[in-house]
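For reference, the structure is listed below as C-alpha cells.
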Amino acid sequence: MAFVDLLLGAFTVFLATSLGSAGILLFRGREIEQKDYSNIISFCAGVMAFSAMEMFTESRMHVGDTVAIGGLLVGVLALLALERSLPHLHFVLRKTKMSDSKKKATLIAGTITIHNIPEGLAVASAFAHSGPLGWLVTSSIAIQDAPEGMLVAAPLMCYGMSRWRSFKYGVFSGIVEGVAALFAYALLSSVIAIIPPALSFAAGAMSYVVLAELLPDAFKGRPWAVALFFVGGVLVAFGIASFLKF
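And the structure:
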C-alpha cells in the first residue's frame with residue numbers, strides 16, 4: 004500500500020508540473036504581474052515551510068537532536084552546492100556554439116531539472132516514513148509545482164522556443180521529479196534506518212528552497228502581502244495535515 008501511495012504521489016507532482024506547463028499553450032504574450040507572482044510564491048513558501056518543519060520534527064523524534072540537525076544542515080549545504088555548481092553550466096554554455104537565447108533557455112531548463120531532484124527525494128522520504136506525512140509533503144510540493152511549471156515554460160518561449168517545445172521541457176522537469184522519487188524510495192525501502200535522517204535532509208533541502216529561492220522573489224512585491232500569503236500557506240498546510248490526521 005505504501006508503494007501505491009508513492010506512485011500516486013509521484014504522479015501527483017508530475018501532473019501538477021505538467022498542468023502548470025500547459026498554461027503556456029494559452030499564453031498570448033500577457034505576463035504575470037509582479038504583485039500576483041509575489042503572492043503566489045509567498046503562499047507556496049508558507050506551505051513548503053510548514054511541511055519542512057513537520058519532516059524535521061518527525062526525524063527528531065526518531066533519531067534525536069544531533070542527527071536531525073546534522074541532516075538538516077547537510078540538506079541545506081547540498082542545495083547550496085548545487086546552486087554554486089550552476090556557474091559551471093554557464094561556462095559550458097558559453098563555450099558551446101548556440102545563440103544567446105538558446106543558451107539561456109537551456110540554462111533555465113537545466114536549473115529547474117536539478118532543483119526537482121531534491122523535491123523527489125522529499126516525497127520519497129516522507130512516504131517511506133508514513134502515508135499522512137507523504138501526502139502532506141506531496142500536497143505542498145504539488146501546490147508549488149503548478150505555478151512553477153508555468154514559470155518554467157514561459158521564459159523558454161520568451162527566449163525563442165516554440166510553444167509546444169517549451170511545454171515539453173516543463174513536462175520533462177516533472178518527469179525527473181517523479182523518477183527521482185521512485186529511485187529514492189527504492190533506496191530508502193532497502194535501508195530502513197536511513198529514513199529518519201533522510202527526512203531531516205529533505206527538510207533542509209526544502210528550507211533552502213524557501214529561504215534562498217522563493218522568499219527573495221516574493222519580497223519583490225508588497226511586504227504586507229508577502230506576510231499574509233505566507234501565513235495563509237502555513238494555515239493551508241496545517242489544514243491538510245489535520246485532514247490527514249497527521
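Under the working numbering, the first residue of the sequence shown is numbered 4, with each subsequent residue one higher.
Glycine residues also receive a C-beta, built at the ideal position from the N, C-alpha and C atoms.
Straight-line gap, residue 242 to residue 124 (C-alpha atoms, nearest Å)
23 Å
Please work out which residues of its chain come closer than 6 Å, Cβ to Cβ, to residue 55, disregarding the five sequence neighbours upstream and downstream, and give them in chain order.
206, 209 and 210
Extent of the continuous alpha helix (DSSP H) run through residue 180:
Unbroken alpha helix (DSSP H) run through residue 180: 166 to 193.
Do the region 126 to 144 and the region 181 to 199 touch if we need at least three Cβ pairs shorter than 8 Å?
Contact holds: three or more Cβ-Cβ distances are below 8 Å.
Using a 10 Å radius around the Cβ and a threshold of 16 neighbouring Cβ atoms, would you call residue 6 buried or exposed?
exposed
Can you tell me whether residue 142 is buried or exposed, with buried defined as 16 or more other CB within 10 angstroms of its CB?
buried
Can you grab the Cα-Cα spacing for the pair residue 45 / residue 153, in whole Å?
16 Å
Nearest candidate by alpha-carbon position, reference residue 150, set 17, 87 and 9
17
Could you tell me the distance, in whole angstroms, from the CA atom of residue 165 to the CA atom of residue 21?
If you take the alpha carbons of residue 165 and residue 21, they lie about 16 Å apart.
Judging by CA-CA distance, which residue of 69, 50 and 43 is the nearest neighbour of residue 200?
69
Skipping 5 residues on each side, what residues in its chain have a beta carbon closer than 7 Å to that of residue 235?
46 and 49
Which residue wins for smallest C-alpha separation from residue 23, given the options 198, 122, 66 and 172?
172
Rounded to a whole number of angstroms, what is the C-alpha to C-alpha distance between residue 198 and residue 230?
33 Å
Cβ-Cβ distance between residue 137 and residue 12 below 7 Å:
yes
Evaluate residue 82 with the Cβ neighbour count: other Cβ atoms within 10 Å of its Cβ, from every protein chain shown; 16 or more gives buried, anything less gives exposed.
buried
Grab the span of the alpha helix (DSSP H) containing residue 250 for me, first residue to last.
In this structure the chain extends from 4 to 249, so residue 250 is not present and cannot be described.
Here's the rule: buried if 16 or more other CB atoms are within 10 angstroms of the residue's CB, otherwise exposed. What is residue 215?
exposed
Where does residue 38 fall in DSSP's three states?
Note: residue 38 maps to helix in three-state DSSP.
Exposed or buried, residue 167, counting other C-beta atoms within 10 Å across all chains shown (16 or more means buried)?
exposed
Pairwise C-alpha distance: residue 245 and residue 19
22 Å
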